[in-house]
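Structure, as structure tokens:
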Amino acid sequence: MTQRYRYEYGQDPSQWGELFLPDLPAGGTHQGVVIVIHGGYWRSTYGAELGEPLAKDLAEHGMAAWNLEYRRAGNGGGWPGTFEDILAGIDKLADLAEPHALDLGKVVALGHSAGGHLAVWAAGRAKLDGLVPEEGGRVKNSNDGVRLTGVVSQSGVLNLAEAERLNLSDGAVANMLGGPSSEFPGRHRMAAPLAALPLDIPVYAVHGMEDDDVPLSMSTTYVDASKAGPVPAQLVMVPGDHFALIDVTAQAYLTCRDLVGRLLR
Numbered sequence: 027m028t029q030r031y032r033y034e035y036g037q038d039p040s041q042w043g044e045l046f047l048p049d050l051p052a053g054g055t056h057q058g059v060v061i062v063i064h065g066g067y068w069r070s071t072y073g074a075e076l077g078e079p080l081a082k083d084l085a086e087h088g089m090a091a092w093n094l095e096y097r098r099a100g101n102g103g104g105w106p107g108t109f110e111d112i113l114a115g116i117d118k119l120a121d122l123a124e125p126h127a128l129d130l131g132k133v134v135a136l137g138h139s140a141g142g143h144l145a146v147w148a149a150g151r152a153k154l155d156g157l158v159p160e161e162g163g164r165v166k167n168s169n170d171g172v173r174l175t176g177v178v179s180q181s182g183v184l185n186l187a188e189a190e191r192l193n194l195s196d197g198a199v200a201n202m203l204g205g206p207s208s209e210f211p212g213r214h215r216m217a218a219p220l221a222a223l224p225l226d227i228p229v230y231a232v233h234g235m236e237d238d239d240v241p242l243s244m245s246t247t248y249v250d251a252s253k254a255g256p257v258p259a260q261l262v263m264v265p266g267d268h269f270a271l272i273d274v275t276a277q278a279y280l281t282c283r284d285l286v287g288r289l290l291r
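Just so we're aligned, residue 27 is where the sequence shown starts under my numbering, counting upward by one.
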């Protein structure tokens, strides 16, 4: 039977997460944690309800899952709040490890759409100190926080520059970062997963073959740019549209669940 616990990691109403846990034998330990990061083009219209079915399903299949909510553009997030929340929400797991018998040796992020961007971005947190934006407002980061050991990006917006150029979702990138790259080049660079390459952890860029919401190029350009690094990202094409990736009955999602399980082993 799945157990469910809600915890806050800050004072804002959007700074919380829910931990979904499978049953453990007495004295057992959950082998790793999956952090579920929902999408919605970083806007407040969408919330953690998008990630809840995935977290439940992961727990039902034996994996501890942390469904993370965060401030989005329009409710106190954007730059730099959304990014600070993602790091703080991940780091909250350090407080939960002992009371819930979590082994943090393996921590995998599963992020959909804008959540895929945030998941891959968080994997490069160690590079943030070298990406100070010229206009100030840098993300506060603790380098001794919980580190990701793998990422599964589900049609993630992994190329911010191209997403801005294509004006995806009516200017979602500029809306999230408080303005265009021509005005805030530093923060656009600091928010870009491409700027943190190379990474030394595995990243699976899963993309739906019928995805009309996030172009395939968002994944392919990231994968291509990662090839020179020690652990190149891998592109995984799956059947279905943008939302098949978060439909727990769809093959697209089942592939993502299998990849998460692989990263936890």
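Positions of the beta carbon are idealized from the N, C-alpha and C atoms, including for glycine.
With fewer than 16 neighbouring CB atoms inside 10 Å of its own CB, N193 falls in the exposed class. Below 8 Å, too few C-beta pairs join the stretch 269–281 and the stretch 216–228 to call them touching: fewer than three.
Per the C-alpha coordinates, the member of G115, P125, E86, L94 positioned closest to G54 is P125. A148 is positioned such that its CB atom lies closer than 8 Å to that of I112. Our two residues, L94 and H64, have alpha carbons roughly 8 Å apart in a direct line. With respect to A254, P265 sits apart: the two C-beta atoms are not nearer than 8 Å.
Nearest to V178 by alpha-carbon distance, out of V172, A145, E209, N201, is A145. Counting C-beta pairs closer than 8 Å gives three or more between the stretch 179–191 and the stretch 241–255, which meets the contact rule. Of G66, L285, G171, L225, the smallest CA-CA separation from G131 is found for G171.
The three-state secondary structure of R215, taken from DSSP, is helix.
Under the three-pair Cβ rule at 8 Å, the stretch 247–263 does not count as touching the stretch 202–209. When only Cα atoms are considered, V60 and V286 end up about 8 Å apart. The three-state reading of DSSP puts Y67 in coil, since its state is none of H, G, I, E or B. When the five nearest sequence neighbours on each side are left out, the beta carbons in the same chain lying within less than 6 Å of the beta carbon of K118 are those of Y35, in order along the chain.
T71 and E78 have their alpha carbons spaced roughly 16 Å apart. The beta carbon of G115 lies closer than 7 Å to those of Y35, G43, L94, Y96 in the same chain, with the five residues before and after it left out. For H143, the enclosing alpha helix (DSSP H) covers residues 140–149. In this structure, H138 lies near S181, with their beta-carbon atoms less than 8 Å apart.
Separation of the CB atoms of G88 and P48 is rounded to 5 Å, and the pair is thereby assigned contact status at 8 Å.
In this structure, DSSP gives M235 a state outside helix and strand, which the three-state scheme calls coil. Relative to E110, the option among M263, P39, V165 whose CA is nearest is V165.
By the beta-carbon neighbour count (other beta carbons within 10 angstroms, threshold 16), G234 is buried.
Ranked by Cα distance from L154, the first of G212, L290, Y230 is G212.
DSSP places R288 inside the alpha helix (DSSP H), whose first and last residues are 277–290.
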